[in-house]
Amino acid sequence: MQPRHFISLLDITATEFRAIINRAIELKADRNPDYQPLKGRVMAMIFEKSSTRTRISFESGMAHFGGSALFLSPRDTQLGRGEPLEDSARVISSMVDCIMLRTYHHHTVTTFAEYSSVPVINALTDLLHPCQLLADMQTYFELRGDIQGRTVAWIGDGNNMCHSYINAARLLEFKLHIACPPGYQPDQDISAAAGDGIVFFDNASDAAQAADLIVTDVWASMGQEQEHKQREIAFKNYQVTPAIMANAKQDALFMHCLPAHRGEEVSAAVIDGPQSVVFAEAENRLHAQKALLEFLLCR
Ligand code: CP
Ligand code: NVA
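When we follow the numbering used here, the leftmost residue of the sequence shown carries the number 3, and every step to the right adds one.
Structure follows, in structure tokens:
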């Protein structure tokens, strides 16, 4: 039987998405140390890019469930010396129960999934960051209930996080307002597939109008460090400020996947202010991914 992978949010149905969120909320409320559904099972975590939240949440989640996780950087494995992805996926999956990958090219994760005999989880590529959306949506559901019919404003780069918000909007049926500077729009195929749930704006203030949730991310993602100066200029009108938040609904939330740059994509007054839920959002990576591991590995 083909293993169930989690490469994109579109690998799960809306019903499964809601079930994972609800299970994450349950796991957060009641941590039973005797519940060890992954006892003796092992996850390989391949990181080609840095991470704080993703590494710690997956590693702790496996430990909570009685399993263990192996941290593998390309420096330490033959992947870094050019061993083919196909061979690596076959070999690694013959020894572990799950593989998590954080990498540059999306193609690396899809190739791994094709040749792996165990579930493969996308822990961020240049194209998508679906695990973060599990946590973001859990946070919204916890604080405000179901997001269906609500309005989310994405302000900033049309990047991996923006693409995953577009996919989440498709599945959970919320309206997504997008404001990105010219030249930094999201992938056209991804946004076209989402239909009229996605509306583009040419400035941040209009996109934020009457929104229930405002979300942003760094102006230069991992791997784009050398573009930082040029991006600072292109994105200067795309900072989430108190004035932008004032355009949203009064009880609107602010999210950011972190790490954040205060004074760039978000002002300190917003990220450290009362509408910001970034630390609950970060903590929920742990709970949401435990629910995901259960979903993929305990059936
Ligand atoms: N948000 C997120 O994925 O954080 P890390 O890069 O620290 O894993
Ligand atoms: N867009 C950011 C997200 C980091 C969690 C990046 O890819 O670096």
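Every residue gets a Cβ at the ideal spot worked out from N, C-alpha and C, and that includes glycine.
{"Asked": "Quick one: Cα of Arg55 to Cα of Thr113, how far?", "Found": "25 Å"}
{"Asked": "Given that a residue counts as buried once 16 or more other Cβ atoms are within 10 Å of its Cβ, and exposed if not, what is Glu28?", "Found": "exposed"}
{"Asked": "Buried or exposed, going by whether 16 or more other CB atoms sit within 10 Å of the CB of Asp138?", "Found": "buried"}
{"Asked": "Please say whether Arg92 and Ser119 have beta carbons closer to each other than 9 Å?", "Found": "yes"}
{"Asked": "Do Asn162 and the ligand NVA come close, with the Cβ less than 8 Å from some heavy atom?", "Found": "yes"}
{"Asked": "Using a Cβ-Cβ cut-off of 7 Å (strictly less than) and excluding sequence neighbours within five positions of Leu260, which residues of its own chain qualify?", "Found": "Arg55, Val280 and Ala284"}
{"Asked": "Please state whether DSSP places Asn249 in a helix, a strand or coil.", "Found": "helix"}
{"Asked": "Could you tell me the distance, in whole angstroms, from the CA atom of Ala236 to the CA atom of Asn161?", "Found": "14 Å"}
{"Asked": "Take Ser278 and list the residues in its own chain whose beta-carbon comes closer than 7 Å to its own, dropping the five residues that flank it on each side.", "Found": "Phe256 and Val272"}
{"Asked": "Phe87 and His108 look like a contact to me (Cβ under 8 Å); what is the Cβ gap, rounded to whole Å?", "Found": "Note that residue 87 is Leu in the sequence shown, not Phe. Wrong, their Cβ atoms sit about 12 Å apart, outside the cutoff."}
{"Asked": "Check for me: the alpha helix (DSSP H) holding Arg104 runs from which residue to which?", "Found": "Where Arg104 is concerned, there is no enclosing alpha helix (DSSP H), although the beta strand (DSSP E) it sits in stretches over Cys100 to Arg104."}
{"Asked": "Are the CB atoms of Leu299 and Arg43 within a distance shorter than 9 Å?", "Found": "yes"}
{"Asked": "Any heavy atom of the ligand CP within a distance shorter than 8 Å of the CB on Pro261?", "Found": "yes"}
{"Asked": "How is Lys231 classed by DSSP in three states: helix, strand or coil?", "Found": "helix"}
{"Asked": "In this structure, how does DSSP classify Ser53 when only helix, strand and coil are distinguished?", "Found": "coil"}
{"Asked": "What's the C-alpha gap between Asn249 and Ala181?", "Found": "14 Å"}
{"Asked": "Would Asp253 count as contacting chain D if we go by Cβ distances under 9 Å?", "Found": "Looking at the structure shown, chain D is missing, and only one protein chain is on hand."}
{"Asked": "For Ser62, I'd like the list of residues in its chain whose CB is within less than 8 Å of its CB, leaving aside the five on either flank, ordered along the chain.", "Found": "Leu288"}
{"Asked": "Would you tell me roughly how many angstroms separate the C-alpha atoms of Asp128 and Ile168, rounded to the nearest one?", "Found": "15 Å"}
{"Asked": "Counting C-beta neighbours from all protein chains within 10 Å, is the total for Ser96 16 or more, i.e. buried, or is it exposed?", "Found": "exposed"}
{"Asked": "Using the rule of at least 16 other Cβ atoms within 10 Å of the residue's Cβ for burial, across every protein chain shown, is Leu145 buried or exposed?", "Found": "exposed"}
{"Asked": "Using 8 Å as the cut-off, can you tell me whether the stretch 148–158 makes contact with the stretch 206–222, which would need three or more C-beta pairs spanning the two stretches below that distance?", "Found": "yes"}
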